[in-house]
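Asker: Sharing a structure with you now.
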Amino acid sequence: MKDSCNNDNPDTPDAAVCAFLRAKGLNVTKARLHVLALLSEFDRPVNGETLFRHIVLKRQTMSKATIYRTLVEFEKAGVVSRQWVAGLTGARAAYVSLQKLGGPTVHQLVCRDCDRRHVVADEGVLERLRFSLQNEAALSSLPQPLTIYYQCAGCAARSPLDRAEAMKSARN
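Note that this note's numbering has the sequence shown beginning at 96, numbered continuously upward.
Here you go:
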C-alpha cells in the first residue's frame, strides 16, 4: 500500500500527522488520514455511522467496513478512545481522538439528556476515585477514560417532553 505522505500532490497532509501515525506504528493511508481528520472536527465522541455520513457528504468514497476497521486499529494504537454512548436502542461505541482531548486519560461527566460534557481535571478527585476503585471494586487502575452519566440541573428542570426533544437534537 502506498504511503499517502510520499507523493507530489499539493493536497498532501501535514507532515506532523504522518509522523504521528508512523510513531504509533501505523502506515499512512488515505483512509486513516480521512478518518483522523474527521475525528478532529468533532467536539464529542462520534460513531462510525456518523463518520460514514460525513464522508459521503464530502463526496469521498470509503466503505463502512473500512471506517470501523480504521477505528479499531486507531484504538489499539492509542490514537482514539472508545466510549459507550447511550442511545435509544442501547449503548453504542463512539470514538474520540486522544490528540484532541490532550492525553490518553480523560475522565468526564456527561448529561444523558443534553449530552453536556464536563472534563474532570481535578487530580484530588481523580486520586480519591482511583483509591476507591482499587480498594472497593478490586480494580488495579483507571487505564481507560471514565465517563459518568448524570442529569444536569438544566435538564432536571425541564419537562419530560422537553428533555426528550433535547436528547433527540443532541444526537443529531
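C-beta: ideal position from N, C-alpha, C; glycine also.
Tell me whether the beta-carbon of Arg-139 lies closer than 9 Å to the beta-carbon of Arg-187.
Answerer: The residue labelled residue 139 in the question sits at position 44 within the sequence shown. The residue labelled residue 187 in the question sits at position 92 within the sequence shown. No; because the gap between Cβ atoms is not below 9 Å, this pair is not in contact.
Asker: Can you tell me which of the three DSSP states Cys-247 falls into?
Answerer: Residue numbering aside, residue 247 sits at position 152 when the sequence shown is read from its first letter. It is coil, neither helix nor strand.
Asker: Which residue spans inside the segment 129-182 form an unbroken beta strand (DSSP E) run of at least 3?
Answerer: List check, beta strand (DSSP E) in window: 175-180.
Asker: Between the beta-carbon of Val-174 and the beta-carbon of Leu-131, is there less than 9 Å?
Answerer: On the sequence shown, residue 174 is found 79 positions in, with the first residue counted as 1. On the sequence shown, residue 131 is found 36 positions in, with the first residue counted as 1. Yes, these two residues count as a Cβ contact at 9 Å.
Asker: State the Cα-Cα distance for the pair Phe-169 and Leu-221, rounded to the nearest angstrom.
Answerer: Residue numbering aside, residue 169 sits at position 74 when the sequence shown is read from its first letter. Residue numbering aside, residue 221 sits at position 126 when the sequence shown is read from its first letter. Cα-Cα distance, rounded: 26 Å.
Asker: So, is Val-123 buried or exposed, given that buried needs 16 or more other C-beta atoms within 10 angstroms?
Answerer: Your numbering for residue 123 matches position 28 in the sequence shown. Flag for Val-123 reads buried.
Asker: Check Cys-113 in the structure and name its three-state DSSP category.
Answerer: Position 18 of the sequence shown, counted from the start, is the residue given in the question as residue 113. The answer is helix: DSSP assigns Cys-113 an H, G or I state.
Asker: Would you identify the three-state DSSP class for Ser-254, choosing helix, strand or coil?
Answerer: Numbered from 1 along the sequence shown, position 159 holds the residue referred to as residue 254. If DSSP states are grouped into helix, strand and coil, Ser-254 belongs with coil.
Asker: Tell me whether the beta-carbon of Gln-203 lies closer than 9 Å to the beta-carbon of Tyr-190.
Answerer: Within the sequence shown, the letter at position 108 stands for residue 203. Within the sequence shown, the letter at position 95 stands for residue 190. No, Cβ-Cβ distance for Gln-203 and Tyr-190 is not below 9 Å.
Asker: Excluding the 5 residues preceding and the 5 following Pro-199 in the sequence, name in chain order all residues of the same chain whose CB lies nearer than 7 Å to its CB.
Answerer: Start at 1 with the first residue of the sequence shown, and residue 199 comes out as number 104. Residue placement at Pro-199 is poorly supported in this model, since its pLDDT is 48, which falls under 50; the coordinates are not used for a value here.
Asker: The beta strand (DSSP E) with Leu-221 in it runs from where to where?
Answerer: If you number the sequence shown from 1, residue 221 lands on position 126. Note, Leu-221: premise wrong, no beta strand (DSSP E); alpha helix (DSSP H) at 218-231.
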